[in-house]
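Asker: Under UniProt numbering, the sequence shown has 87 at position 87, and the numbering climbs by one with no breaks.
Can you read through this structure? Questions will come right after.
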Amino acid sequence: MTVTGADVSFTASFLTVGKDQIPKDYIYAVTRTDSLAIPAAGSQNPILASIKNDGIHVLIHSLQLKNNSTTVKPLFKYSLIAFETPSEAQAFVASAKTWLGHRIHKKLLVVINPVSGTKQAKDRWTKTVIPMFDAAEVPYEARFTEKAEHATDITSKMSLEAYSGVISIGGDGTFHEVLNGLLLRPDWQEAVSSMSIGMISGGSANAFPRCIDAFTAELSTLTIIKGFQKPMDMFAAVTPKATIYSFLCIFYGFISDVDIDSNNLRALGPVRFPLMALYKLLKLQQYEVKLHLLPADDTTVQPIEPPSLPIDSPPQFGPPLKYIVRPDSHNSFPVHTDASLIYLNVMNLQWASSDFLAEVNARISDGCLWLNYGDSSIKRGELLQQILNQEAALDSENPKSHRVAVKAFVLEPVNVHGKSLAKQKGSKKAIMDVSGEEVDLGPIRCEVLPSLVTVFVPPWFNEEKFVGEAAELRAKLHDKSKKGFCR
């Protein structure tokens with residue numbers, strides 16, 4: 001059905017087209033039908049067949065959520081408006097664009113990893129992202145990765161003047177590479193201050209899009225078009241052989257075993273994680289560690305200011321460390337613990353994958369990391385419930401799960417072997433996992449880097465939403481458990 005211009009009006013949050021109210025947050029383009037805008041792929045909307053390129057018709061491009069869910073692929077929706085003259089149509093388009101207030105006017109560099117996860121990135125780029133970007137008149141340049149760490153190479157050498165932001169299409173690993181490329185530049189400070197960074201889901205875990213509540217490729221693309229931005233903390237992890245900058249997590253023990261060993265099942269997509277978890281549950285191990293913690297609220301340990309360097313010194317890469325500069329920096333930390341644990345998770349964000357709410361307390365720019373470990377008294381049955389209900393954050397109510405917000409920490413594995421650490425008599429195999437990648441096993445020093453980068457987030461972004469949803473799910477599980485017990 002075509003609506004006339006007389007039946008169209010704007011409010012702060014909606015565009016009213018006839019009897020239909022379209023939320024402003026989900027409109028990604030307004031175009032005249034005689035323009036070169038390409039309707040987004042996958043739509044079966046019959047209105048597209050009736051469009052005439054006569055200059056007096058305007059098309060509203062929007063997304064419509066299914067069951068109000070941001071984790072399910074939304075529908076493409078098109079609304080057609082007829083005006084008396086082409087000039088009226090053009091005036092409406094101009095007014096609508098001003099009302100929408102989209103903020104991307106300078107070219108984006110889009111880095112696409114075609115072999116990431118389930119290998120859907122290229123398909124999503126051509127069938128979803130390009131049509132939406134073209135309709136919204138978002139300028140872009142695309143680069144496809146051809147090898148491991150190619151995304152890092154691309155962003156470490158890109159021209160900062162040519163682009164306003166970098167978008168990765170792939171998994172969290174590709175996003176991680178993009179971030180590291182910017183931080184490995186001699187002008188890294190200018191790079192992170194001038195580039196806005198985004199991710200469109202195309203991998204198997206897609207934790208970052210889940211964390212910002214724009215999980216599908218369609219909603220991720222809409223997020224970029226809208227252009228809303230927020231600072232994000234990152235962290236530095238110093239391993240025996242390298243310093244790594246990352247945005248998501250550090251795992252050790254049960255969760256790292258699941259995460260890394262499930263790579264053999266990557267073709268299965270997100271289901272690979274619970275399948276591997278059930279397998280590892282049968283071979284549950286305990287790990288001995290030494291932990292040295294600098295709590296987030298501590299005021300006794302002062303940061304170490306970086307030394308002034310001569311003008312002719314070689315460029316320094318990445319942000320300077322303040323609390324873990326030396327291998328013995330943790331001696332000044334106020335908390336030292338010997339622990340026997342099943343798992344240790346350190347989260348910068350809330351979600352570790354599409355369905356694993358690993359730390360309900362974390363926030364995107366809270367200036368701390370959330371360290372949580374399950375002690376050796378945790379039973380298989382308790383872990384099984386956590387695996388089966390990963391979105392409920394059951395560990396947040398378990399007294400056997402110990403958590404603390406920290407500025408920095410040092411983890412020292414005891415009597416283990418693994419990557420770059422030789423097997424010794426009586427040692428256990430162990431894996432150190434930084435944001436989904438296995439790193440050299442050994443002492444790892446880590447500190448948060450507050451508000452280091454700027455990322456795209458959707459207009460509806462609200463981390464408290466996940467807290468409420470998890471609490472509701474836990475309440476339902478408790479009620480179900482009580483009813484089962486009464487029977």
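Cβ atoms here follow ideal geometry from the backbone N, Cα and C, with glycine treated the same way.
(1) With burial defined as no fewer than 16 other Cβ atoms inside 10 Å of the residue's Cβ, what is the status of Arg210: buried or exposed?
(2) Check this for me: beta carbons of Ala430 and Val416, under 7 Å apart or not?
(3) Per DSSP, which residues does Ala82 bridge with? Please list them.
(4) Round the Cβ separation of Val8 and Val17 to the nearest angstrom and send it over; I've been treating them as touching at under 8 Å.
(5) Answer yes if the region 319 to 331 comes into contact with the region 402 to 413, meaning at least three C-beta pairs across the two stretches below 8 Å, and no otherwise.
(6) Give me the residue from Tyr323, Glu190, Leu369 and Lys226 with the minimum Cα distance to Lys97.
(7) May I have a chain-ordered list of the alpha helix (DSSP H) segments no shorter than 4 residues that lie completely inside the region 379 to 410?
(8) Alpha carbon to alpha carbon, what distance is there between Trp460 and Gly42?
(9) So, helix, strand or coil for Lys480, using DSSP?
(10) Just the C-alpha distance for Leu309 and Val406, rounded to the nearest angstrom, thanks.
(11) Flag this pair as touching only if the region 176 to 192 and the region 118 to 136 have three or more C-beta atom pairs under 8 Å; answer yes or no.
(12) Enumerated in chain order, which unbroken segments of the beta strand (DSSP E) with a length of 3 residues or greater are wholly contained in the region 92 to 134?
(13) Could you have a look at Asn206 and say whether DSSP puts it in helix, strand or coil?
(14) If you compare alpha carbons, which of Thr70, Phe247 and Ala91 is closest to Pro450?
(15) Please report the straight-line C-alpha distance between Tyr163 and Gln385, rounded to a whole angstrom.
(16) Please name the residue in Ala214, Gln120 and Lys290 whose C-alpha comes closest to that of Phe466.
(17) Helix, strand or coil: which one does DSSP assign to Trp351?
(18) Determine the direct distance from the alpha carbon of Phe356 to that of Gly468, and round the result to whole angstroms.
(19) Helix, strand or coil: which one does DSSP assign to Gln21?
(20) Might you give, ordered along the chain, the residues of its own chain that have their beta carbon closer than 8 Å to the beta carbon of Ile387, omitting 5 neighbours on each side?
Answerer: With the given structure in hand:
(1) Translated into the one-based positions of the sequence shown, residue 210 becomes position 210. In summary, Arg210 is buried, with 16 or more beta-carbon neighbours lying within 10 Å of its beta-carbon over all protein chains present.
(2) By 1-based counting over the sequence shown, the position of residue 430 is 430. By 1-based counting over the sequence shown, the position of residue 416 is 416. In this structure, the beta-carbon distance from Ala430 to Val416 falls below 7 Å.
(3) The residue given as residue 82 occupies position 82 in the sequence shown. BP columns for Ala82 point to Thr4 and His57.
(4) If you number the sequence shown from 1, residue 8 lands on position 8. If you number the sequence shown from 1, residue 17 lands on position 17. With 8 Å as the limit, Val8 and Val17 qualify as a contact, their Cβ atoms being about 5 Å apart.
(5) The region 402 to 413 vs the region 319 to 331: in contact.
(6) Mapped onto the sequence shown, residue 97 falls at position 97. When only C-alpha atoms are compared, the closest one is Lys226.
(7) Taking only runs of at least 4 residues, the alpha helix (DSSP H) segments lying wholly in the region 379 to 410 are 380 to 388.
(8) Indexing the sequence shown from 1 puts residue 42 at position 42. Indexing the sequence shown from 1 puts residue 460 at position 460. With a pLDDT of 46 at Gly42, under the threshold of 50, the predicted position of this residue should be treated as unreliable, though the coordinate-derived value follows. Cα to Cα, Gly42 sits roughly 24 Å from Trp460.
(9) As a position in the sequence shown, residue 480 is number 480, starting the count at 1. The answer is helix: DSSP assigns Lys480 an H, G or I state.
(10) As a working mapping, residue 309 is identified with position 309 in the sequence shown. As a working mapping, residue 406 is identified with position 406 in the sequence shown. Bear in mind that the predicted position of Leu309 carries a pLDDT of just 48, short of 50, making it too unreliable to give a figure here.
(11) When Cβ pairs closer than 8 Å are counted between the two stretches, the region 176 to 192 is seen not to touch the region 118 to 136, the count staying below three.
(12) Runs of the beta strand (DSSP E) inside the region 92 to 134: 108 to 112.
(13) For the purposes of this step, residue 206 is identified with residue 206 of the sequence shown, where counting begins at 1. Asn206 falls in the coil class under three-state DSSP.
(14) Residue 450 sits at position 450 when you count from the first residue of the sequence shown. Looking from the CA of Pro450, the closest CA among Thr70, Phe247 and Ala91 belongs to Phe247.
(15) Residue numbering aside, residue 163 sits at position 163 when the sequence shown is read from its first letter. Residue numbering aside, residue 385 sits at position 385 when the sequence shown is read from its first letter. Their backbone Cα atoms lie some 46 Å apart in a straight line.
(16) As a first step, residue 466 is located in the sequence shown; it is residue number 466 there, counting from the start. Answer by Cα proximity: Ala214.
(17) Your numbering for residue 351 matches position 351 in the sequence shown. Three-state result, Trp351: strand.
(18) For this step, residue 468 is matched to residue 468 along the sequence shown. For this step, residue 356 is matched to residue 356 along the sequence shown. One C-alpha to the other measures close to 15 Å.
(19) Locating residue 21 in the sequence shown gives position 21, where the first residue counts as 1. DSSP, reduced to helix, strand and coil, places Gln21 within a strand of the structure shown.
(20) Sequence index remark: in the sequence shown, residue 387 carries index 387 (1-based). Within the same chain, Ile387 has close Cβ partners Pro274, Ala277, Leu278 and Leu281.
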